[in-house]
Amino acid sequence: MRQDKTSDWDLDQFQVPEKEGEVRFHDFDLELPLMRGIAETGFQYCTPIQAEVLRHTLAGADAIGRAQTGTGKTAAFLITVINDLLRHPLTVPRYAGEPRALIVAPTRELAMQIEKDALQLARYTDLQVMSVVGGMNFNRQQERLQTRLIDILVATPGRLLDFAKRRDLWLDRVESLVLDEADRMLDMGFIPDVKRIVRMTPPNRHRQTLLFSATFNEDVMALAQRWTEDPVTVEIEPAQVTTETVEQKVYITATEDKFNLLYNLIISENMEKVIVFANRRDITRRLNDRLVKKGLKVSLISGDVPQNQRMKTLERFRAGDLRVLIATDVAGRGIHIDGVSHVVNFNLPEDPEDYVHRIGRTGRAGASGVSISFACEDDAFLLPQLEEAIGMKLPCEHPPAPLLEDQRQA
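Just so we're aligned, residue 1 is where the sequence shown starts under the UniProt record's numbering, counting upward by one.
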């Protein structure tokens with residue numbers, strides 16, 4: 001049981017000194033098993049959005065939060081949900097397929113990252129966490145829903161509705177509802193599905209609702225007001241839209257020179273852990289094949305790669321078994337991998353928001369990183385709107401001639 005998991009641990013083993021201008025997790029009255037999970041995750045001081053959101057949500061308030069990726073919003077809503085579930089254990093009978101908390105995310109990768117973070121934070125509790133996402137074994141997910149109690153369910157909209165229609169999943173007992181990256185769900189056309197999902201949960205006043213978005217446009221705010229009850233609005237403005245810890249540069253080059261430029265940069269800069277972003281699946285496959293022929297340890301993730309294969313690839317990259325990860329924007333959000341030294345935009349993204357998320361894969365947690373973008377005749381016209389969106393001019397230069405040479409294999 002929960003008490004057994006913390007019987008040999010107390011807050012004296014998690015010393016975090018008070019610091020001017022910083023909020024500690026100790027400063028909130030959090031349940032001891034959760035504090036142990038926080039300690040072992042390595043958290044000490046709250047990020048700005050955590051400090052601001054938790055003041056309200058731990059008291060039960062609904063919240064609408066605007067924050068970029070990498071600001072700690074996932075931990076903010078998970079700590080809220082886990083603490084509430086621990087503080088209010090159910091005293092009535094429970095049944096399989098009835099989660100107490102539901103977190104909806106737009107992509108498989110993000111949902112599975114949230115599940116991983118939840119398992120980490122809840123490891124010293126008896127709370128049961130699972131995800132239901134497309135691309136994974138349907139029967140295995142269905143069996144677990146039918147046979148096990150679930151406290152925290154993380155889901156993508158389509159697979160969640162599949163199980164709800166089959167009556168394997170019931171949302172009428174949901175106490176906490178989290179909608180993450182609402183702007184992305186709008187962009188991906190998920191809002192009709194999300195509306196159906198929200199209607200399956202208890203009315204606003206009978207659940208706590210937390211909605212997070214990187215942008216607050218009219219559509220997002222209209223949904224937020226409809227789905228929340230007297231919400232607190234928290235907006236965290238980053239010092240810059242793109243992090244100061246990432247050095248950003250743009251190489252102006254011809255389309256036919258891009259591959260040589262990429263390969264020579266990886267070698268000459270001795271890039272040990274680099275993510276290369278491309279806009280289309282066929283480009284990622286072509287890059288992967290050519291870099292493999294050059295002898296590099298490389299793999300790719302994109303929408304047409306099976307989910308289990310994507311997970312294995314990400315774990316290999318995380319473990320350092322791969323030097324280069326090639327990805328479409330399916331990997332741009334929600335993938336947290338420490339130690340990524342470089343991000344290369346083989347193509348400029350058409351949506352400036354994707355640029356922000358791409359380069360957010362490096363320079364995380366105060367570490368430094370480098371972002372290099374290639375601009376050619378096909379996409380250089382995107383630079384002005386990208387610079388306007390991030391509020392800064394990007395240094396543009398032509399690459400040195402040696403970086404464009406075709407390095408033939410011996």
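Quick reminder that beta carbons are idealized off the backbone N, C-alpha and C, glycines included.
Backbone secondary structure at residue i - three-state DSSP
i           : result
residue 75  : helix
residue 348 : coil
residue 355 : helix
residue 287 : helix
residue 263 : helix
residue 302 : coil
residue 119 : helix
residue 61  : coil
residue 31  : coil
residue 240 : With a pLDDT of only 48 at residue 240, under the threshold of 50, the placement of this residue in the model should not be trusted; the figure read from the coordinates follows. It is coil, neither helix nor strand.
residue 337 : coil
residue 141 : helix
residue 10  : coil
residue 220 : helix
residue 472 : Because the chain in this structure spans residues 1 to 410, residue 472 falls outside the shown range and cannot be described.
residue 53  : helix
residue 319 : helix
residue 368 : coil
residue 129 : strand
residue 407 : coil
residue 3   : Bear in mind that a pLDDT of 42 at residue 3, under 50, signals an unreliable position, so the number given afterwards is only what the model happens to contain. Three-state DSSP puts residue 3 in a helix.
residue 98  : coil
residue 297 : coil
residue 205 : helix
residue 19  : coil
residue 89  : coil
Of the listed residues the options, nearest to residue i (C-alpha basis)
i           : options               : result
residue 295 : 322, 72, 200 and 118  : 322
residue 43  : 186, 133 and 24       : 24
residue 328 : 351, 234, 156 and 222 : 351
residue 186 : 51, 201 and 214       : 214
residue 280 : 264, 300, 267 and 272 : 300
residue 62  : 205, 252, 338 and 289 : 205
residue 270 : 64, 370 and 20        : 370
residue 222 : 208, 247 and 195      : 195
residue 268 : 81, 21, 160 and 402   : 402
residue 72  : 59, 218, 46 and 86    : 46
residue 123 : 79, 164 and 56        : 79
residue 13  : 28, 20, 19 and 38     : 38
residue 385 : 360, 356, 406 and 156 : 356
residue 318 : 361, 27 and 368       : 361
residue 30  : 388, 48, 11 and 287   : 11
residue 336 : 252, 15, 75 and 85    : 75
residue 345 : 358, 338 and 353      : 358
residue 374 : 201, 306 and 251      : 251
residue 307 : 138, 21 and 399       : 138
residue 202 : 287, 177 and 354      : 177
Whole-number beta carbon distance between residue j and residue i, since they are thought to touch under 8 Å
i           : j           : result
residue 131 : residue 154 : 4 Å
residue 326 : residue 278 : 7 Å
residue 181 : residue 216 : 13 Å between Cβ atoms; not a contact.
residue 98  : residue 173 : 5 Å
residue 183 : residue 158 : No, residue 183 and residue 158 are not in contact; Cβ-Cβ is about 18 Å, not under 8 Å.
residue 96  : residue 149 : 6 Å
residue 249 : residue 395 : 5 Å
residue 107 : residue 340 : At roughly 19 Å, the Cβ-Cβ gap does not stay under 8 Å, so residue 107 and residue 340 are not in contact.
residue 363 : residue 245 : 4 Å
residue 347 : residue 283 : 7 Å
residue 64  : residue 101 : About 18 Å; that fails the 8 Å criterion.
residue 129 : residue 118 : 5 Å
residue 121 : residue 41  : 6 Å
residue 156 : residue 111 : 5 Å
residue 197 : residue 160 : 6 Å
Residues that DSSP places opposite residue i in a beta bridge
i           : result
residue 411 : In the structure displayed, the chain extends from 1 to 410; residue 411 sits before or after that span and is not available.
residue 396 : 250
residue 277 : 327 and 345
residue 45  : 24
residue 178 : 103 and 210
residue 381 : Beta-bridge pairing links residue 381 to no other residue.
residue 373 : 250 and 345
residue 155 : 104 and 132
Within-7 Å CB hit, residue i to chain D
i           : result
residue 231 : Absent here is chain D; the protein component of the structure consists of one chain.
Inspect the CB distances between the region 280-296 and the region 372-381 and report whether three or more fall short of 8 Å. no
Taking three-plus beta-carbon pairs below 8 Å as touching, is the region 248-268 in contact with the region 223-236? no
Report yes or no: do three or more beta-carbon pairs, one from the region 135-145 and one from the region 47-67, lie closer than 8 Å? no
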